[in-house]
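> Numbering of the sequence shown is given in the UniProt record's numbering, commencing with residue 1 and proceeding in unit increments.
Cβ atoms here follow ideal geometry from the backbone N, Cα and C, with glycine treated the same way.
Take a look at this one; I'll ask things after.
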Amino acid sequence: MNVWAELTGQDAAVAVLRRAVAASMSGFTAVASGATVPGEGASVSGASATAPSAGATVSGAPAPDTATTTPDAATATHDMTHSWLITGPPGSGRSNLAYAFASALLAGHPDGDAATHAQVVARSHPDLHVLATEGVIIKRDDVRDTVRRSHYSPSVGRHRVIVVEDADRMTEQTSNVLLKELEEPALRTVWILCAPSDADLIPTIRSRVRTLRAAMPTVADVASLLVHRDGIDPVLAERAAREAQCHIGMAHRLATNEDSRHRRAETLRLVLSVPRTSAAVAVAARLLDIAGDDAKALTAQRDELEREHALRSLGVEPGQTIPPALRSVLKALEDDQKRRATRSLRDGIDRILIDLASLFRDILMVQLGAATDLINADWMPQIAAAATAGHPEQTLVTLDAIQEARERIEANVQPTLALEAMLVTAIRRSSGAVRTGGRKE
């Protein structure tokens with residue numbers, strides 16, 4: 001059993017983490033309060049007998065624990081520490097890397113074992129705690145509860161491991177709750193934080209974690225994963241990986257869900273064929289509908305199953321009247337589901353904007369005559385027509401408008417208004433709209 005087997009394009013990062021697990025087995029004790037921690041950007045190079053593998057960037061390495069005296073233990077301290085930050089673009093597999101690391105640590109072996117890995121995948125290992133959110137932000141009370149749990153002693157192994165997914169979703173006040181724990185960590189607890197980049201966390205947290213930057217897998221890496229793991233046809237796997245821009249989760253959806261492929265195709269077709277500025281309102285509404293359909297496909301069935309399970313656990317069969325004393329429990333569940341729906345909708349809108357950015361990126365590449373592969377190669381006739389109808393400067397303005405729409409939505413601007421403004425800019429990029437009949441899916 002090798003817990004790293006399903007990771008793709010992360011050989012350098014895996015080498016760093018395997019070495020950390022080996023160090024934890026050789027008697028490493030998590031860096032205690034009072035240990036000197038260099039500032040952000042400190043390098044591990046030269047800190048141990050084994051330098052980090054080429055391609056993996058590691059920073060923020062704590063200095064050796066002053067209580068450690070043997071050379072082997074000092075080396076282990078440089079390879080292992082009590083807090084890690086794994087960064088990488090969305091879809092790079094940073095969370096998978098974090099859970100593989102957790103599995104190996106809990107198994108006490110650099111390659112892990114099948115039984116422990118199964119428990120980690122099911123999130124049922126007694127020494128694993130996961131802090132994740134399906135809402136827009138991570139709540140402060142959830143962080144406080146996690147900090148409390150971090151002081152529990154390990155039940156079956158050497159370490160208690162806490163994985164914080166989407167650590168960038170903590171507000172500054174919430175981050176400060178976690179900061180105190182990272183300054184004075186529990187002796188046998190290892191924290192693994194995940195975020196798109198270290199800049200998404202407050203500087204005081206960045207200075208107290210060792211940062212490992214996951215590489216973005218290539219199209220070939222993702223396509224190979226889909227073929228060997230999911231049995232996808234190689235041609236479809238390559239197309240899905242390319243159109244998902246190497247986002248592993250999205251590539252899997254495009255490869256396995258025909259509705260997702262149709263929704264993506266409709267998105268591109270709508271924007272390429274907007275007839276006039278007055279149509280921006282209708283197109284923006286349709287894009288929101290597409291994002292909503294995508295979000296519902298991910299959450300609707302799950303919401304219903306959660307509700308049925310909650311009712312049965314309370315002794316209420318579906319269809320029966322819910323006793324007043326139990327309504328607060330269901331209200332809390334419904335509130336959680338609403339937060340999840342909000343995040344799913346935002347993620348769906350953002351994915352649409354990323355797809356549109358890839359489309360106009362391809363148009364720009366054709367306009368500039370760049371010798372590079374197109375993301376939307378199957379749309380070459382429509383892309384060529386749009387490139388001929390406009391100019392590179394106008395396409396750059398459209399790309400800026402798409403990025404501005406993403407930033408506005410992130411700042412809680414109404415998605416409808418942000419999309420309408422973006423579409424007006426896209427329509428005005430040329431004197432005439434590019435009309436296409438679309439591509440048959």
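1. Counting only the same chain and skipping the five closest in sequence on each side, list residues whose C-beta sits under 8 Å from that of G93.
2. How would you label D373, buried or exposed, when you count the other beta carbons within 10 angstroms and need 16 or more for buried?
3. When you compare the CB positions of D166 and C194, do they come within less than 8 Å of one another, or not?
4. Using alpha carbons as the reference points, say which of S358, V424, P392, G390 lies closest to D378.
5. Taking buried to mean at least 16 other C-beta atoms within 10 Å of its own C-beta, is A20 buried or exposed?
6. Can you tell me whether V164 is helix, strand or coil according to DSSP?
7. Could you give the C-beta distance for L272 and Q382, rounded to a whole number, given that I count them as a contact under 8 Å?
8. By how many angstroms is the C-alpha of D230 removed from the C-alpha of V16?
9. Within the region 187 to 242, note down every full alpha helix (DSSP H) run reaching 4 residues or more, in order along the chain.
10. Over the uninterrupted alpha helix (DSSP H) stretch that includes L298, give me the two end residues.
11. Spatial neighbours of T225 within its chain, please: C-beta separation below 6 Å, excluding the five flanking residues on both sides.
12. Would you tell me roughly how many angstroms separate the C-alpha atoms of G315 and T321, rounded to the nearest one?
13. Write down every uninterrupted run of the alpha helix (DSSP H) in the region 253 to 278 whose length is 4 residues or greater and which is fully enclosed by it, in chain order.
14. Kindly give me the distance between the Cβ atoms of M25 and G108, rounded to whole angstroms, as I take these residues to be in contact under 8 Å.
15. Can at least three beta-carbon pairs, one atom from the region 113 to 123 and one from the region 134 to 154, be found at a separation below 8 Å?
16. Express the C-alpha separation of A102 and A23 in angstroms, rounding to a whole number.
17. Which of helix, strand or coil does DSSP assign to L359?
18. I'd like the list of long-range same chain contacts for I202, defined as Cβ closer than 8 Å, with 5 residues on each side in sequence excluded.
19. Along the beta strand (DSSP E) that carries I322, what are the first and last residues, could you check?
20. List the residues that DSSP assigns as beta-bridge partners of I86.
21. Taking the beta strand (DSSP E) that L105 falls in, what are its first and last residues?
22. At a threshold of 7 Å, does M1 count as lining the ligand SAM (C-beta to nearest heavy atom)?
23. Just mark P324 as buried or exposed, buried being the case when its beta carbon has 16 or more other beta carbons within 10 Å.
24. With a cut-off of 8 Å, do at least 3 Cβ pairs link the region 392 to 400 to the region 272 to 290?
25. Where do the N-terminal and C-terminal ends of the beta strand (DSSP E) with L128 fall, by residue?
26. Count the other C-beta atoms from every protein chain shown that fall within 10 angstroms of the C-beta of A282, then say buried if there are 16 or more, exposed otherwise.
27. At the level of alpha carbons, what is the spacing between A280 and A384?
28. Considering only the beta carbon of each residue, do V147 and E183 sit closer than 8 Å?
29. Compare the Cα-Cα distances from P185 to each of T81, R343, P318 and report the closest residue.
30. Quick check on DSSP: helix, strand or coil for R140?
31. Specify, as a first and last residue, the run of the alpha helix (DSSP H) that V14 falls within.
32. Whole angstroms are fine: how far does the CA of N412 sit from the CA of I205?
33. Using a threshold of 8 Å, state whether the C-beta atoms of I349 and P392 are closer than that.
34. Under 8 Å, do T395 and I363 count as touching if we go by C-beta distance?
35. Quick check on the burial criterion: 16 or more other C-beta atoms within 10 angstroms. Buried or exposed for R302?
36. Can you tell me the Cβ-Cβ gap for A18 and P110, rounded? I've got them flagged as a contact below 8 Å.
Put simply:
1. Mapped onto the sequence shown, residue 93 falls at position 93. The answer, listed in chain order, is L7, T8, G9, Q10, A214, P217, I248.
2. For the purposes of this step, residue 373 is taken as residue 373 along the sequence shown, with counting starting at 1. With fewer than 16 other Cβ atoms within 10 Å, it is exposed.
3. By one-based count along the sequence shown, residue 166 stands at place 166. By one-based count along the sequence shown, residue 194 stands at place 194. A contact, by the Cβ cut-off of 8 Å.
4. As a first step, residue 378 must be located in the sequence shown, where it is residue number 378. Nearest C-alpha to D378: S358.
5. Residue numbering aside, residue 20 sits at position 20 when the sequence shown is read from its first letter. Of the other Cβ atoms in all chains shown, 16 or more fall within 10 Å of the Cβ of A20; this residue is therefore buried.
6. In the sequence shown, counting from the first residue as 1, residue 164 sits at position 164. Of the three classes helix, strand and coil, the one that applies to V164 here is strand, per DSSP.
7. Counted from its first residue, the sequence shown places residue 272 at position 272. Counted from its first residue, the sequence shown places residue 382 at position 382. Right, the Cβ-Cβ distance comes to about 5 Å (below 8 Å), so this counts as a contact.
8. As a working mapping, residue 16 is identified with position 16 in the sequence shown. As a working mapping, residue 230 is identified with position 230 in the sequence shown. So the two alpha carbons sit approximately 28 Å from each other.
9. 203 to 206, 219 to 230
10. Your numbering for residue 298 matches position 298 in the sequence shown. Start and end: 280 to 313.
11. Within the sequence shown, numbered from 1, the residue matching residue 225 stands at position 225. Sequence check: residue 225 is Leu here, not Thr. Here the set comprises T8.
12. Here the question's residue 315 lines up with position 315 in the sequence shown. Here the question's residue 321 lines up with position 321 in the sequence shown. Separation of G315 and T321 (C-alpha to C-alpha, rounded to the nearest whole angstrom) is 11 Å.
13. Those alpha helix (DSSP H) runs which fall completely within the region 253 to 278 and span 4+ residues are 258 to 272.
14. Counting from one through the sequence shown, the residue named residue 25 turns up at place 25. Counting from one through the sequence shown, the residue named residue 108 turns up at place 108. That belief holds up - the Cβ atoms of M25 and G108 are roughly 6 Å apart, short of 8 Å.
15. no
16. For this step, residue 23 is matched to residue 23 along the sequence shown. For this step, residue 102 is matched to residue 102 along the sequence shown. Taking the straight line from one Cα to the other gives about 14 Å.
17. Walking along the sequence shown from the start, residue 359 turns up at place 359. Helix.
18. As a working note, residue 202 is residue 202 in the sequence shown. The residues are E172, S175, N176, L179.
19. The residue labelled residue 322 in the question sits at position 322 within the sequence shown. I322 -> no beta strand (DSSP E), and no H or E assigned at all.
20. Walking along the sequence shown from the start, residue 86 turns up at place 86. Looking at the DSSP assignment, I86 forms a beta bridge with C194, L212.
21. Residue numbering aside, residue 105 sits at position 105 when the sequence shown is read from its first letter. Where L105 is concerned, there is no enclosing beta strand (DSSP E), although the alpha helix (DSSP H) it sits in stretches over 94 to 107.
22. This structure lacks the ligand SAM; in fact it carries no ligand of any kind.
23. Position 324 of the sequence shown, counted from the first residue, corresponds to residue 324. Exposed: under 16 other Cβ atoms inside 10 Å.
24. no
25. Sequence index remark: in the sequence shown, residue 128 carries index 128 (1-based). Looking at the DSSP string, the run of the beta strand (DSSP E) that includes L128 is 128 to 131.
26. As a working note, residue 282 is residue 282 in the sequence shown. Its Cβ having fewer than 16 others within 10 Å, A282 is exposed.
27. Indexing the sequence shown from 1 puts residue 280 at position 280. Indexing the sequence shown from 1 puts residue 384 at position 384. Taking the straight line from one Cα to the other gives about 23 Å.
28. Translated into the one-based positions of the sequence shown, residue 147 becomes position 147. Translated into the one-based positions of the sequence shown, residue 183 becomes position 183. Taking 8 Å as the Cβ cut-off, V147 and E183 do not qualify as a contacting pair.
29. Within the sequence shown, the letter at position 185 stands for residue 185. Looking at the Cα atoms, T81 is the closest of the given residues.
30. On the sequence shown, position 140 is the one that residue 140 refers to. Here R140 sits in helix by DSSP.
31. The residue labelled residue 14 in the question sits at position 14 within the sequence shown. First-last of the alpha helix (DSSP H) with V14: 11 to 25.
32. For the purposes of this step, residue 205 is taken as the residue at position 205 of the sequence shown. For the purposes of this step, residue 412 is taken as the residue at position 412 of the sequence shown. Cα atoms of I205 and N412: separation of roughly 26 Å, rounded to the nearest angstrom.
33. Stepping through the sequence shown from its first residue, residue 349 is reached at position 349. Stepping through the sequence shown from its first residue, residue 392 is reached at position 392. Cβ distance not < 8 Å, so I349 and P392 don't count as in contact.
34. By one-based count along the sequence shown, residue 395 stands at place 395. By one-based count along the sequence shown, residue 363 stands at place 363. The answer is yes: Cβ separation under 8 Å.
35. Position 302 of the sequence shown holds residue 302. So R302 counts as exposed.
36. Locating residue 18 in the sequence shown gives position 18, where the first residue counts as 1. Locating residue 110 in the sequence shown gives position 110, where the first residue counts as 1. The identity of residue 18 in the sequence shown is Arg, whereas the question assumes Ala. With a Cβ gap of about 4 Å, R18 and P110 count as contacting.
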